[in-house]
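Protein chains in written order, with the working numbering: chain E, 1 to 315; chain S, 1001 to 1315.
Below is one structure; the comments refer to it alone.
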C-alpha cells in the first residue's frame, strides 16, 4: 500500500445499511474516501473494499485492491466469488460488539431451552399454572462447534453461568476451564455428551454438510441444535428428518442454505424450529469501523492484520 | 438447642415436592428425623421446621421450635401468619442454585426484550424475513430494585454481559462497578434512567405497593418491567393501566398478589404480559439441604446463621 496516495474504500453491504457505514467512516476516518457500489468512479483509485456478498462483476470492475474486508465474521460470501483475486489479503470482522451480539443470541436460546420458556409461553396462552421441573445448569452440557473468536466467548459466558461446556474444532484449541475436542475422529465423542449443540463453524470445504443425519443421531435423544454459523453446515433435510423422528427436540436457526429463507421452506412452519433472519449478531458500524481503521494502520506498518484469513482453509 | 436430644424437623412445602426434600435430608443429614406436615407425631419432639406457606394451625400445634427455615428466598409467607412465634429465629434460603436460577430467569427476559425475540417469533409464524435493529447492550440500562443475595448476582451477570446496570435498595449497598441508589428520595432518579426494571425486593410493609402508576410513569416511555420478587410489590391494576396507556411496553411476571393467578385475571390475556407460574427460581433440595445443614451446625455452635432475618424489617 502506498503511504503517499489517498486511500479509497469501496463499500458494498446492503442499500439499507450502507448509509450508516458511510457515516461511521466519516466519523472515524475522515480522510478516507468512501465510494458505495455500484458508484465506483475511477476504479483505479480504489485500493480498499468492505464487502458483503459481492457480485462477481465487482472484482472485474475494481482491480488493484490492497485489502478486502468482510463486514461479517464469515468470509465464505467472498471466497465463493469465482472472480475474487487470490493474491489480495482477506480480513474477517473481529469486533467487540459482533462478539457480544453472538453471546447474547446463544445465551437467549440456551436459557429458553433450559428453562422451558416455550412451554411456559404456551401455558400462558392457555391460562395454565403448572411448574415444570428443570435441571441445574451444571447437569446440562452445551457443545460448541467452532471455538474461535465467537465460539470461545460464548463458551466462556456459558461456563460462567454454570453450564457444562465443551468445544470442538478442526484443530486443537485451548480454552481455560473448558474441555475442547478436535478433529473428525473426536466428533462422535463430542456429540455423544452434548445436550445443546451450538454451531459456530466457518463454512469451508471441510465443514460443508458436517452435520448430517448420522451426526444428529449421535447426539443424545432429546437434544437441541442452535445454528448461528452458516446454513450449509447442516444438511437441512436431515435436520428436518431428525426433528420428525423426535430424536432432536428443537432447533434455533439463524442461517440457511438459501437466504432469505424461501417462504415455502419447511423450517418456517415446523413448530420445533425457531427461525430468525440472520440477526444473531449484526456488525455495529461504530465499533467495526474502529477495528477496520486499526487494521488499515497495521497493514501500512507491515504488521499482521487482526482477522487475516488463510484462503487455503476454505478451498 | 440441646446438643444431646435428637433433632426433629417438620417439613411443610407442597405434597408434590415433599418427597424429594425428605430424600435429600436422608442423604445429607441421615441422623435428622423428618416429619411431614400434617403427620407431626409427638409435636413436643419437633425442634426445627422447613416451611412454605404454613397454615396458622401449624404453629399452634408445634410449639418449642428452635429455628424456622424458609424454603424460599422470601419470608413474607411466614411473617404473614398471625400465629408465628416472634421469639424463634427465622432463616431465609440462601443457596447457590436458587441464586443461579434467578440469574437465568432474569437474563432470559432481558435478552428476549433487548434482542426483539418476541417480534422474531411472530415474524416466524408469518414466514417474514426482516432484520430488526437493536442497540448495543451498553446503551440499555437495567435497573434492579433489591440488590441483596439475588439482585447483586443478577446485577453482576448483566454487567459482565455489557449492560448498563444500576441498583436501588432501601438501605445503601455497595456493588463492585455498579451504581447503586437507595431510599425513597432516590427512587425517582433511579427510575428515570431505567429501560428494563427488574424487581427483586422482599415484600415488607415498606415495599408493598411500591410500584404504583406514578412510579411506572417515572420510567422512560417504552420501558419493560420484570417482577420476580413478590406480586404485591406492584399495584397490579396500575401496571395494567400503564401497559394500556402504552407507557410500559411489556412485562414479565412470575409472582402475583394471588397465586395461582386466577384464570379470570387480565394478566393472562394481555399480549404484553408474559406470565410464568412462580418458577423464576426453584429451590433445589440437593443443594439447599446442604445449606440448611450448615446453618443447623452454626446454630448449635452459637454462630450467626446465614440468611437470618430481622423480623422488624417486615413489620
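For each residue, glycine too, the CB sits at the ideal point set by N, CA and C.
Query - Residue-chain proximity (residue 53 of chain E, chain S), Cβ-Cβ < 8 Å - result: no
Query raised in the report: How about residue 1093 of chain S and residue 1062 of chain S: do their beta carbons lie closer than 8 Å?
Result: no
Query raised in the report: Applying the criterion that 16 or more other CB atoms from any shown protein chain within 10 Å of the CB defines a buried residue, is residue 263 of chain E buried or exposed?
Result: exposed
**Report entry** Within chain E, partners of residue 1114 of chain S - CB distance below 8 Å
**Finding:** 104
Query raised in the report: According to DSSP, is residue 1206 of chain S helix, strand or coil?
Result: coil
Report task. Give me whichever residues DSSP pairs with residue 196 of chain E in a beta bridge. Result -> E:142 and E:224
Query raised in the report: Taking contact to mean at least 3 C-beta pairs separated by less than 8 Å, is the stretch 1133–1146 of chain S in contact with the stretch 1162–1173 of chain S?
Result: yes
Query raised in the report: Where residue 1122 of chain S and residue 1299 of chain S are concerned, what is the direct C-alpha to C-alpha distance, given to the nearest angstrom?
Result: 54 Å
Query raised in the report: What residues of chain E sit near residue 1097 of chain S, judged by a beta carbon separation below 8 Å?
Result: 136
Query raised in the report: On the three-state DSSP scale, how would you describe residue 102 of chain E?
Result: helix
Query raised in the report: residue 275 of chain E to residue 1222 of chain S, Cα distance in whole Å?
Result: 26 Å
Report task. Establish whether the CB of residue 162 of chain E and some CB of chain S are separated by less than 8 Å. Result -> yes
Query raised in the report: Tell me the DSSP bridge mates of residue 12 of chain E?
Result: E:51
Query raised in the report: Taking C-beta to C-beta, are residue 105 of chain E and residue 280 of chain E nearer than 8 Å?
Result: yes
Query raised in the report: Ordered along the chain, which non-local residues of its own chain (more than five positions away) have a Cβ less than 6 Å from that of residue 1016 of chain S?
Result: none
Query raised in the report: Roughly how many whole angstroms lie between the Cα atoms of residue 1056 of chain S and residue 1081 of chain S?
Result: 6 Å
Requested in this report: Run down chain S in chain order and give the residues with a C-beta less than 7 Å from the C-beta of residue 117 of chain E.
Outcome: 1108
Query raised in the report: Does the Cβ of residue 304 of chain E have 16 or more other Cβ atoms within 10 Å, making it buried, or fewer, making it exposed?
Result: exposed
Query raised in the report: Rounded C-beta distance between residue 1049 of chain S and residue 1065 of chain S? I'm assuming under 8 Å.
Result: 6 Å
Report task. Give the straight-line distance between the Cα atoms of residue 127 of chain E and residue 1272 of chain S, rounded to the nearest whole angstrom. Result -> 14 Å
Requested in this report: Using the Cα positions of residue 265 of chain E and residue 256 of chain E, report the straight-line distance between them to the nearest angstrom.
Outcome: 10 Å
Query - Reference residue 101 of chain E, options E:249, E:302, E:312 and E:283, closest by Cα - result: E:283
Report task. Kindly list, in the order they appear in chain E, the residues whose Cβ is closer than 8 Å to that of residue 1260 of chain S. Result -> 129
Query raised in the report: Can you tell which of S:1058, S:1268 and S:1046 has its C-alpha closest to the C-alpha of residue 1005 of chain S?
Result: S:1046
Query raised in the report: Interface residues of chain S around residue 100 of chain E at Cβ under 8 Å?
Result: 1136, 1137, 1161 and 1162
Query raised in the report: Can you list, in chain order, the residues of its chain whose CB lies under 8 Å from that of residue 1312 of chain S, leaving out five sequence neighbours each side?
Result: none
Query raised in the report: The beta strand (DSSP E) with residue 167 of chain E in it runs from where to where?
Result: 164–169
Query raised in the report: Just the Cα atoms here: how many angstroms apart are residue 1240 of chain S and residue 1199 of chain S?
Result: 16 Å
Query raised in the report: Do you know offhand how far residue 1059 of chain S's Cα is from residue 1075 of chain S's?
Result: 15 Å
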